[in-house]
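K.L.:
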Amino acid sequence: MNGVLVLVDDDLDVLKINTKYLTKAGYEVHPFNNGSAALKHLDEIKPDCLILDVMMPGLDGLSLCSAIRKKHDTPIIFLTGKGSEDDKIRGLLTGGDDYMVKPYSLRELEARIHVHIRRKNTQPKNDSLLSYPPLSIDFVKHKAYYLDQEIQLSNREYELLLLLAQSPGKTFLFEEIGTEIWGNYSEQDRRAIMVNASRLRKKLEEFSGCDNFIETVWSKGYKFVPPTH
237 MNGVLVLVDD DLDVLKINTK YLTKAGYEVH PFNNGSAALK HLDEIKPDCL
287 ILDVMMPGLD GLSLCSAIRK KHDTPIIFLT GKGSEDDKIR GLLTGGDDYM
337 VKPYSLRELE ARIHVHIRRK NTQPKNDSLL SYPPLSIDFV KHKAYYLDQE
387 IQLSNREYEL LLLLAQSPGK TFLFEEIGTE IWGNYSEQDR RAIMVNASRL
437 RKKLEEFSGC DNFIETVWSK GYKFVPPTH
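In our numbering, the protein residues as written are 237 to 465.
The structure is reproduced here in structure tokens:
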């Protein structure tokens, strides 16, 4: 089995097609046609990835995502008919990890699910803790800490921090960041990366000694600058 999925979509035809395809691809799929029902059963299902429609009556995808993020860091992929950049940014800032506009390729959807589950489950073979006092990153727990206090980061913010911190001083281009974190990159992803980097920097700035870790390399990307003391 490739993983456990929760699919939430009020369009029963889409739900049926996606369930059939992903089940055939080797996943255990739990489909729901409304957000409230999915949220109710989330703890018992323990999914490896969630695929949420954005526009749904009652509890919509964005609201459902916000509720999930209060307890879980499971990867979330949004599916929606809305294709504007602002809608994509809104979805990612709510806590989503990826965003696909209808109509989409089922093959690409499965590939993105695979990438997110693999990234979530992959743990470094060496020491599980990356330390730049007073900042530390725990690979196993998928969390960042200021001393012993957890820094509340979204999945995207954590992945960006980890990517940069694993190669201190290296400039990561937007294309490299997008490919590594999203699994692919297009120019419209640049703003999403910039927004996540800005949010990450602001969160780090709340903690003394962590305010200069993320440096912008103008028009190119970002790099992690470790403390010199």
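All residues carry an ideal CB built from backbone N, CA and C; glycine is no exception.
Keep in mind the model is a prediction, meaning the values are calculated, not measured.
Within 10 angstroms of its Cβ, does V244 collect 16 or more other Cβ (buried), or is it exposed?
P.N.:
The residue in question, V244, is buried, as its Cβ has 16 or more Cβ neighbours within 10 Å.
K.L.:
Run through the segment 298 to 385 for me and flag every whole alpha helix (DSSP H) of 4 or more residues, listed as ranges in chain order.
P.N.:
Within the segment 298 to 385, the complete alpha helix (DSSP H) runs of at least 4 residues are 321 to 330 and 342 to 357.
K.L.:
On the DSSP letters alone, give me the boundaries of the beta strand (DSSP E) that E423 sits inside.
P.N.:
Segment: none, E423 is in no beta strand (DSSP E) and carries neither H nor E.
K.L.:
Output the boundary residues of the alpha helix (DSSP H) element that contains L398.
P.N.:
N391 to A401 is the extent of the alpha helix (DSSP H) around L398.
K.L.:
Please classify V453: does DSSP put it in a helix, a strand, or coil?
P.N.:
Three-state result, V453: strand.
K.L.:
For K439, I'd like the list of residues in its chain whose CB is within less than 8 Å of its CB, leaving aside the five on either flank, ordered along the chain.
P.N.:
Excluding positions up to five away in sequence, the list reads I387, Q388, L389 and E393.
K.L.:
Indicate whether the contact test is met: 3 or more Cβ pairs, each with one atom in the segment 427 to 435 and one in the segment 390 to 410, closer than 8 Å.
P.N.:
In short, these stretches touch, since the Cβ pair count reaches three.
K.L.:
Would S364 and F375 qualify as a contact pair, given that the criterion is a beta-carbon distance under 8 Å?
P.N.:
Yes, they are a contact pair.
K.L.:
Which first and last residues belong to the beta strand (DSSP E) in which G294 is found?
P.N.:
That residue, G294, is in no beta strand (DSSP E); it is neither H nor E in DSSP.
K.L.:
Within the chosen definition, does the segment 396 to 416 reach the segment 326 to 335 through at least 3 CB pairs nearer than 8 Å?
P.N.:
Touching, no.
K.L.:
What does the alpha-carbon distance come out to for the pair P339 and L300?
P.N.:
Rounded to the nearest angstrom, the two C-alpha atoms are 22 Å apart.
K.L.:
Using beta-carbon positions only, say whether A274 and V242 come within less than 8 Å of one another.
P.N.:
Against a cut-off of 8 Å, the Cβ pair of V242 and A274 comes out as a contact.
K.L.:
Is it true that the segment 280 to 293 meets the segment 308 to 326, where meeting means three or more beta-carbon pairs spaced less than 8 Å apart?
P.N.:
Flag = yes, the segment 280 to 293 and the segment 308 to 326 touch.
K.L.:
In the DSSP assignment, find the alpha helix (DSSP H) that holds V250 and state where it starts and stops.
P.N.:
L248 to K260 is the span of the alpha helix (DSSP H), which, as asked, contains V250.
K.L.:
Of the residues S403, A347 and I253, which one's Cα is nearest the Cα of L450?
P.N.:
The residue asked about is misnamed: residue 450 is Ile in this sequence, not Leu. Comparing Cα positions, the closest option is S403.
K.L.:
Within its chain, find whatever has a CB closer than 7 Å to the CB of S302; leave out the 5 residues flanking it on each side and keep chain order.
P.N.:
Result list for S302: T330 and G331, in chain order.
K.L.:
One question on the structure: do Y263 and N238 come within less than 8 Å of each other, judged by their Cβ atoms?
P.N.:
Contact flag set, yes.
K.L.:
Once the 5 residues before and after K282 are set aside, which same chain residues still bring their CB inside 7 Å of it?
P.N.:
Answer for K282: V240, listed in chain order.
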